[in-house]
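Residue numbers for the sequence shown follow our numbering, so the first one is 2 and each next one is one higher.
Worksheet: the structure to be examined is printed underneath.
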Amino acid sequence: MTQLPSQPDRQSIADAVREPLPLDQVDLADLDHFADGVTPWRMFHTLRHADPVHWQPEPAPNAGFWAVTRHADIARVDRDAETFTSTKFVNLEEVDEDQIKRRASLLELDGVRHRALRSLLQRQFGARVINSYTDFLRGLTATTLNAALAKGSFDFVKEVSADFPINVLARLLDVPPEDNQQLINWGNRIIGHTDPDYADVLLHSEESERYRDLPFRSPASLEVFAYGRELARQRRGGDAGDLVSKLVNEVPRDGVPLSDADFDNYFLLLVVAGNETTRHTISHAMLALLQHPDQLARLRDDPALIPGAVEEFLRWASPVYHFRRTATRDTELGGKRIKEGDKVVMWFASGNRDEEVFPDPYRFDVARRDNDHLTFGKGSPHLCLGNLLARTEIRILFEELVPRLADIKLAGEAPRVRSNFVNGIKHLPVEVTLA
């Protein structure tokens, strides 16, 4: 197995992050720093060691934020919703009260209302339901892999990483498979709102002001809303078990029905979160195995390692770089005075490379134990609702894929999404030889 030298391997990344990067060269607000697969890790490394709670200026109109980069500090912020609220938004964009009312999703709620909306779908993502999907997931995996591997040379992102999770989401939403590509395109256009290859309107452009009341300031959100509303119209009053039917026919525990805006934003969150993070984890995991053929060989020789390897895939991929909170009162964190109203940003990706928690954190090790990664959050009420489904999808995919591969090679560049929010791979060209 081989790799292209232009793709950073473990040794080059490990060496690069340990090269001194002056603190004044760290800029987590500069999206171009997140395009090469190395610079983000260098910045995080410098911050963890030199200034783990670091004030990061931002271009106007934003006011800057505290970058929290150590595992323990991230966990503290994530668990303390009273001091660090989600209700002022979880992305870096600064929004006013009117925007919050229009755009708030489950992610931007705390307390009773958050628990009530979360409970609407919690059972659908619980162990009993997810475990019942095993046969379906294996069948779907076989369909995806049969189509991709038969080509010999293909884009792993398009044919596998994106195709598999979106088919799962289509099943959960009970929408026809012919809509899959549209769902993928919507996710790309919305989450990729800072990447010119994806965005209809770039986030920081003047034109984006026209869409300031839409999620991610993306006009694609209007298309998702329209699609979801039509599904809601068809299913209102029914008793089906799909996610849309649950949202439109059940009343949250707090007794307050979903408003039209609540439904729009919840549905959009499902479309985006139900595809993007699993897709990018699968892509990063495959790239890591390409760059570490010894680890792929270990999985082939001992498939029992795969369930544990999923946790290393999630740590290594860190598909979401950060989530933001806002301080509700003056407080102290990491020796810094945080003022009420300050943005406090948890850089989960940095925490996933913290030497205090992960020995030799730049070593990709499919047999790593005690993998206390932060990819889904850390013990907070906002723990990713779909984490068990994501873990199950990733496990089954690699259980089915690894035995089929006699050889797999990287056949081109693996460009990243231009974003400091989502750690995404846009394309992953590969050549395979079947076992």
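Glycine included, each C-beta is placed from N, C-alpha and C at the ideal position.
A quick note: this is a predicted structure, and the numbers were derived from the prediction, not measured.
Less than 8 Å between the beta carbons of LEU441 and ARG119, yes or no? With the chain covering only 2 through 436, there is no way to say anything about residue 441.
Hey, would you say LEU358 sits closer than 8 Å to HIS323, going by beta carbons? Here residue 358 refers to the residue found at position 357 of the sequence shown. Here residue 323 refers to the residue found at position 322 of the sequence shown. A small correction: the amino acid at residue 358 is Val; Leu does not occupy that position in the sequence shown. In this structure, HIS323 does not lie closer than 8 Å to VAL358 by Cβ.
Is the beta carbon of VAL161 closer than 8 Å to that of HIS428? Mapped onto the sequence shown, residue 428 falls at position 427. Mapped onto the sequence shown, residue 161 falls at position 160. The answer is no: Cβ separation not under 8 Å.
By a C-beta neighbour count over all protein chains shown, 10 Å radius and 16 as the cutoff for buried, is ARG338 buried or exposed? Looking up residue 338 in the sequence shown gives position 337. Exposed, by the Cβ-count rule.
Is the segment 141-158 close to the segment 401-419, with three or more CB pairs under 8 Å? Enough Cβ pairs lie closer than 8 Å, so yes.
ARG280: first and last residue of the uninterrupted alpha helix (DSSP H) it sits in: Position 279 of the sequence shown, counting from 1, holds the residue named residue 280. For ARG280, the uninterrupted alpha helix (DSSP H) run begins and ends at 277-292, by DSSP.
Would you mind giving the Cβ-Cβ distance between LEU270 and SER87, rounded to the nearest angstrom? I have them listed as a contact below 8 Å. The count along the sequence shown starts at 1 and reaches residue 270 at position 269. The count along the sequence shown starts at 1 and reaches residue 87 at position 86. Between LEU270 and SER87 the beta-carbon gap is near 13 Å, outside 8 Å, which marks them as no contact.
I need the straight-line Cα distance from ASP52 to ALA73, nearest angstrom please. One-based indexing of the sequence shown puts residue 52 at position 51. One-based indexing of the sequence shown puts residue 73 at position 72. One C-alpha to the other measures close to 14 Å.
Count the other C-beta atoms from every protein chain shown that fall within 10 angstroms of the C-beta of GLU394, then say buried if there are 16 or more, exposed otherwise. In the sequence shown, the residue the question calls residue 394 occupies position 393. Counting other Cβ atoms within 10 Å of its Cβ, GLU394 reaches 16 or more and is therefore classed as buried.
Distance CB(ALA36)-CB(ARG280) smaller than 8 Å: Translated into positions along the sequence shown, residue 36 becomes position 35. Translated into positions along the sequence shown, residue 280 becomes position 279. No. Outside cutoff.
Name, in chain order, the residues that DSSP records as bridge partners for ASP408. The residue you call residue 408 lines up with position 407 of the sequence shown. ASP408 is bridged to THR434.
Once the 5 residues before and after ASN63 are set aside, which same chain residues still bring their CB inside 6 Å of it? Along the sequence shown, one-based indexing puts residue 63 at 62. If we look at ASN63 and ignore the five residues flanking it on each side, its Cβ neighbours are GLU95.
Under three-state DSSP, which class holds ARG370? Here residue 370 refers to the residue found at position 369 of the sequence shown. Reduced to three states, the DSSP call for ARG370 is coil.
If you draw a straight line from the alpha carbon of ASP163 to that of ILE185, how long is it in whole angstroms? To locate residue 163, count along the sequence shown from 1; it is residue 162. To locate residue 185, count along the sequence shown from 1; it is residue 184. The identity of residue 163 in the sequence shown is Ala, whereas the question assumes Asp. Using only the alpha carbons, I get a separation of about 7 Å.
Exposure label - GLN182; buried when at least 16 CB within 10 Å: Translated into the one-based positions of the sequence shown, residue 182 becomes position 181. Burial call: exposed.
State buried or exposed for ALA305, treating a residue as buried only when at least 16 other CB atoms are found within 10 Å of its CB. As a working note, residue 305 is residue 304 in the sequence shown. Burial call: exposed.
Between the Cα of VAL113 and those of PRO294, ASP255 and ALA368, spot the shortest distance and give me the residue it belongs to. Walking along the sequence shown from the start, residue 113 turns up at place 112. Here the closest residue by C-alpha is ASP255.
Given 8 Å as the limit, is there contact between the segment 285-299 and the segment 311-320, that is, 3 or more CB pairs closer than that? Yes, the segment 285-299 is in contact with the segment 311-320.
Does the distance from the CB of ASN147 to the CB of ARG325 come in under 8 Å? Taking the first residue of the sequence shown as 1, we reach residue 147 at position 146. Taking the first residue of the sequence shown as 1, we reach residue 325 at position 324. The Cβ-Cβ distance between ASN147 and ARG325 does not fall below 8 Å.
If I follow the unbroken beta strand (DSSP E) through ALA328, where does it start and stop? In the sequence shown, the residue the question calls residue 328 occupies position 327. Where ALA328 is concerned, the enclosing beta strand (DSSP E) stretches over 324-328.
Under the three-state reduction of DSSP, which class applies to TRP348: helix, strand or coil? One-based indexing of the sequence shown puts residue 348 at position 347. TRP348 falls in the coil class under three-state DSSP.
Would ASP214 and ARG104 be called neighbours here (beta carbons separated by less than 8 Å)? For this step, residue 214 is matched to residue 213 along the sequence shown. For this step, residue 104 is matched to residue 103 along the sequence shown. Cβ distance < 8 Å, so ASP214 and ARG104 count as in contact.
Residue range of the unbroken beta strand (DSSP E) whose run includes ILE339: What you label residue 339 is simply residue 338 of the sequence shown in a count that begins at 1. Per DSSP, ILE339 belongs to the beta strand (DSSP E) from 337-339.
Counterpart residues of THR86 in DSSP-defined beta bridges: Residue 86 sits at position 85 when you count from the first residue of the sequence shown. Under DSSP, the beta-bridge partners assigned to THR86 are THR327.
Which of helix, strand or coil DSSP assigns to GLU401: By one-based count along the sequence shown, residue 401 stands at place 400. Three-state result, GLU401: helix.
Cβ atoms of VAL249 and PHE226: under 8 Å apart, would you say? What you label residue 226 is simply residue 225 of the sequence shown in a count that begins at 1. What you label residue 249 is simply residue 248 of the sequence shown in a count that begins at 1. For the pair PHE226 and VAL249, the CB atoms are not nearer than the 8 Å cut-off.
If you check the beta carbons only, do ARG354 and PHE45 fall under 8 Å apart? Start at 1 with the first residue of the sequence shown, and residue 354 comes out as number 353. Start at 1 with the first residue of the sequence shown, and residue 45 comes out as number 44. In this structure, PHE45 lies closer than 8 Å to ARG354 by Cβ.
Can you tell me whether PHE365 is helix, strand or coil according to DSSP? Locating residue 365 in the sequence shown gives position 364, where the first residue counts as 1. Here PHE365 sits in coil by DSSP.
Could you give the distance in angstroms between the alpha-carbon of GLY335 and the alpha-carbon of TYR199? Here residue 335 refers to the residue found at position 334 when the sequence shown is read from its first residue. Here residue 199 refers to the residue found at position 198 when the sequence shown is read from its first residue. Taking the straight line from one Cα to the other gives about 37 Å.
Decide if PHE66 is buried, meaning its Cβ has at least 16 other Cβ atoms within 10 Å, or exposed. Here residue 66 refers to the residue found at position 65 when the sequence shown is read from its first residue. It counts as buried.
Using 10 angstroms around the beta-carbon of LEU384, count the other beta-carbons present and answer buried if the total reaches 16, otherwise exposed. Residue numbering aside, residue 384 sits at position 383 when the sequence shown is read from its first letter. An exposed status is given to LEU384, since fewer than 16 other beta-carbon atoms sit within 10 Å of its beta-carbon.
Can you find a C-beta in chain B that's less than 8 Å from the C-beta of ARG43? The displayed structure is made up of one protein chain only, and chain B is not part of it.
Continuous beta strand (DSSP E) stretch holding PHE377: start and end: As a first step, residue 377 must be located in the sequence shown, where it is residue number 376. Where PHE377 is concerned, there is no enclosing beta strand (DSSP E), given that its DSSP letter is neither H nor E.
Considering just the uninterrupted stretch of the beta strand (DSSP E) at SER154, what are its terminal residues? The count along the sequence shown starts at 1 and reaches residue 154 at position 153. Going by DSSP, SER154 is part of the beta strand (DSSP E) stretching over 154-156.
So if DSSP puts ALA68 in a beta bridge, which residue, or which two residues, is it bridged to? Counted from its first residue, the sequence shown places residue 68 at position 67. Paired residue(s): HIS55 and VAL346.
Mapping DSSP to helix, strand and coil, what is VAL321? Sequence index remark: in the sequence shown, residue 321 carries index 320 (1-based). In the structure shown, VAL321 falls within a strand segment according to DSSP collapsed to helix, strand and coil.
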